[in-house]
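Chains A and P, in that order, give the protein sequences.
Going left to right, the first sequence walks through residues 1 to 210 as the numbering used here numbers them.
Going left to right, the second sequence walks through residues 1 to 210 as the numbering used here numbers them.
The beta carbon of each residue, even a glycine, is placed where N, CA and C say it ideally should be.
Note that the coordinates shown come from a computational prediction; the quantities given were computed from them, not determined experimentally.
Number of protein chains: 2
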Amino acid sequence: MTIQEPATARPAGRPRSEKAEKAIIDATLDLIAEGMGVAELSIEAIASRAGVGKTTIYRRWSNKEDLVADALATLKAPLPPLGGVSVRDDLIILLNAMREDAADARNRCVMNVAMNDADRYPRLLERFLKVAVEPRRQAVRDVIARGVATGELRPEVDVEMGLAILSGAMIWHTKWGPAGDLPEDLAERIVDHVLLGLATCPGAPAARPA
Amino acid sequence: MTIQEPATARPAGRPRSEKAEKAIIDATLDLIAEGMGVAELSIEAIASRAGVGKTTIYRRWSNKEDLVADALATLKAPLPPLGGVSVRDDLIILLNAMREDAADARNRCVMNVAMNDADRYPRLLERFLKVAVEPRRQAVRDVIARGVATGELRPEVDVEMGLAILSGAMIWHTKWGPAGDLPEDLAERIVDHVLLGLATCPGAPAARPA
DNA sequence: CAATTTCGATACGTTCAAGTTTCGCAACAG
DNA sequence: CTGTTGCGAAACTTGAACGTATCGAAATTG
């Protein structure tokens, strides 16, 4: 696949630089990660940051939205492997992945765009919500549903509500929590509070809030 | 206080129109409520929407940030009266107030700016976080702390975590929940799920998730 | 080597909003 | 009435970014 491909005849001439393409996408993601909204993103800023001529950008993407969509699409969402032992453990793994993503500026792009530009660029959002966000949500839903099935969770539990509570709590911390890095035991504390509930519950099973 | 105030001698000349000032602030809030970020807000758009000359705006505010800050400051946060009977009831009242605010475009300004422009306009955010958001957070904290004191809530409960879980869940719904108006029983369902917890708990006290 | 295509850089004309100034009219004090 | 100040509208200058075009150099094919 790497050499000698007579089927797709190379059209002769200098080939497009993959390095330039990567630099453009990196620059785009960097700028978004630094808090720049899609609306404020300027092609000139991207070109300057990437050390690339504007021509090189326009040769590849006809408009900003396409570029941003492609850039965001490169952010794979490698879901963490779940132990499958207990609902508590798996939820902690999933929330901890969220926490670590939030700590990485690069992955914060997704959140920034999802939060800031959701209203203004619905198609853009829709496109990558499916590839980046929905799989993670589904993983949480699956774990909760499994817990209901096995009896670890109460049968009245609304799966979607569980998702909202768990991910809402983590997002709240990333956005409005005390400044600085999120504490390492944050995921564990969230899960324990949510699973056990706030209300007094004498016969509670094993689960240990710090 | 309304007539005859020789202390502050009126400086002679046409007085500034309060109507114009109100129109400017209303236009600003409207535009923000319609999803326009602070960065995209243009003075010309505000002037046009308010039916006002740009001069009239610049005569009062030297820059956009000051105008937005003043506009947001006019959004009072009338906290709903709490029954004080049970923690559950009071939390439902508070979350329901959040839900109703989210339904009103005008109050959505606060959320929009807090979510979208938090990183870019830190001073602006700080200024009105205190007057609009913090009182509501504190009300939730107070109710939770009261519950811990009275024994309605478990003694291990972290008050700040409870706040994050409850408000995070409501915000999650307003931003990423199914489109359309939020269901009327949303606050109740959130509170019941959070108080009772997701985990199986045989000796659970009275509380009835739908 | 010659032809072709991309490269980064730069220049160009256009559009849009910012922020300032000017103008004629309206409102108020003395 | 006269002087002063605010009013909305419009013209104006400035600056940023757009999207296109052009340049010499570099890379690749035949």
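Note down, in chain order, each residue of its chain lying with its Cβ closer than 8 Å to the Cβ of A73 (chain P), except the 5 sequence neighbours on either side.
R127, F128, V131
Shorter than 7 Å from the beta carbon of L196 (chain A) to some beta carbon of chain P?
yes
Can you tell me the Cα-Cα spacing of L95 (chain P) and S167 (chain P), whole angstroms?
7 Å
Closer than 9 Å between beta carbons: that is the criterion. Which residues of the region 153-169 of chain A meet it against chain P?
L153, R154, P155, E156, V157, D158, E160, M161, G162, L163, A164, I165, L166, S167, G168, A169
Answer yes or no: does any C-beta atom of chain P fall closer than 7 Å to that of P11 (chain A)?
no
How should D101 (chain A) be labelled, buried or exposed, when 16 other C-beta atoms within 10 angstroms of its C-beta is the threshold for buried?
buried
If you reduce the DSSP assignment to three classes, tell me which class A199 (chain P) lands in.
A199 (chain P) falls in the strand class under three-state DSSP.
Of the residues that make up the region 88-117 of chain P, which ones have a beta carbon closer than 7 Å to any beta carbon in chain A?
M115, N116
If contacts are defined as beta-carbon pairs under 8 Å, then A139 (chain P) and L195 (chain P) qualify, I think. What distance do you get, rounded to the angstrom?
A139 (chain P) to L195 (chain P), Cβ: 17 Å. No contact.
Counting contacts by CB-CB distance shorter than 7 Å, is T74 (chain A) in contact with chain P?
no
Shortest alpha-carbon distance to T200 (chain A) belongs to which of P:D158, P:V133, P:V148?
P:V148
Flag this pair as yes or no: are the beta carbons of H193 (chain P) and M161 (chain A) separated by less than 7 Å?
yes
With a cut-off of 7 Å, does the C-beta of G84 (chain P) fall near any C-beta of chain A?
no
Chain-ordered neighbours of W61 (chain A) on chain P, where CB pairs are closer than 9 Å
Residues of chain P passing the Cβ test: none, with the nearest at roughly 22 Å.
The alpha helix (DSSP H) spanning W61 (chain A) covers which residue range?
Note, W61 (chain A): premise wrong, no alpha helix (DSSP H); not H, not E.
First through last residue of the alpha helix (DSSP H) which encompasses T150 (chain A)
T150 (chain A) -> alpha helix (DSSP H) spans 134-150.
Verify the CB distance criterion: does R123 (chain P) have a CB-CB separation below 7 Å to chain A?
Taking 7 Å as the CB threshold, R123 (chain P) stays off the interface with chain A.
How is L29 (chain P) classed by DSSP in three states: helix, strand or coil?
Three-state DSSP puts L29 (chain P) in a helix.
Out of P:L29, P:R59, P:R60, state which residue places its alpha-carbon closest to the alpha-carbon of A45 (chain P).
P:L29
Determine whether the beta carbon atoms of R141 (chain P) and L163 (chain P) lie at a separation below 7 Å.
yes
Which residues of chain A have a Cβ atom closer than 8 Å to the Cβ of D26 (chain P), listed in chain order?
Within chain A, no residue comes near D26 (chain P); the closest Cβ sits about 21 Å away, beyond 8 Å.
Measuring straight from C-alpha to C-alpha, what distance separates P11 (chain A) and S17 (chain A)?
When rounded, the distance between both Cα atoms is 15 Å.
Verify the CB distance criterion: does R120 (chain P) have a CB-CB separation below 7 Å to chain A?
yes
Apart from the five residues just before and just after G35 (chain A), which ones in its own chain have a Cβ nearer than 8 Å to its Cβ?
N112
For K19 (chain P), count neighbouring Cβ atoms within 10 angstroms of its own Cβ and tell me buried if that reaches 16, exposed if not.
exposed
Roughly how many angstroms separate the alpha carbons of A23 (chain A) and R60 (chain A), rounded to a whole number?
13 Å
Start and end of the alpha helix (DSSP H) containing G37 (chain P)?
From DSSP, G37 (chain P) is part of no alpha helix (DSSP H); its letter is neither H nor E.
Could you check if R14 (chain A) is buried or exposed, using at least 16 other CB atoms within 10 Å of its CB as the buried criterion?
exposed
Quick check: the Cα distance between A33 (chain A) and I93 (chain A), rounded to an integer number of angstroms?
Each residue's Cα considered, the two are about 24 Å apart.
Mind checking V38 (chain P): buried by the 16 CB within 10 Å criterion, or exposed?
buried
What three-state label does DSSP hand L125 (chain A) in the structure shown?
helix
Give the residues from the region 28-62 of chain A that approach chain P closer than 7 Å (Cβ to any Cβ), ordered along the chain.
G35, G37, A39, E40
Compute the Euclidean distance between the alpha carbons of P155 (chain A) and V68 (chain A), then round it to the nearest angstrom.
42 Å
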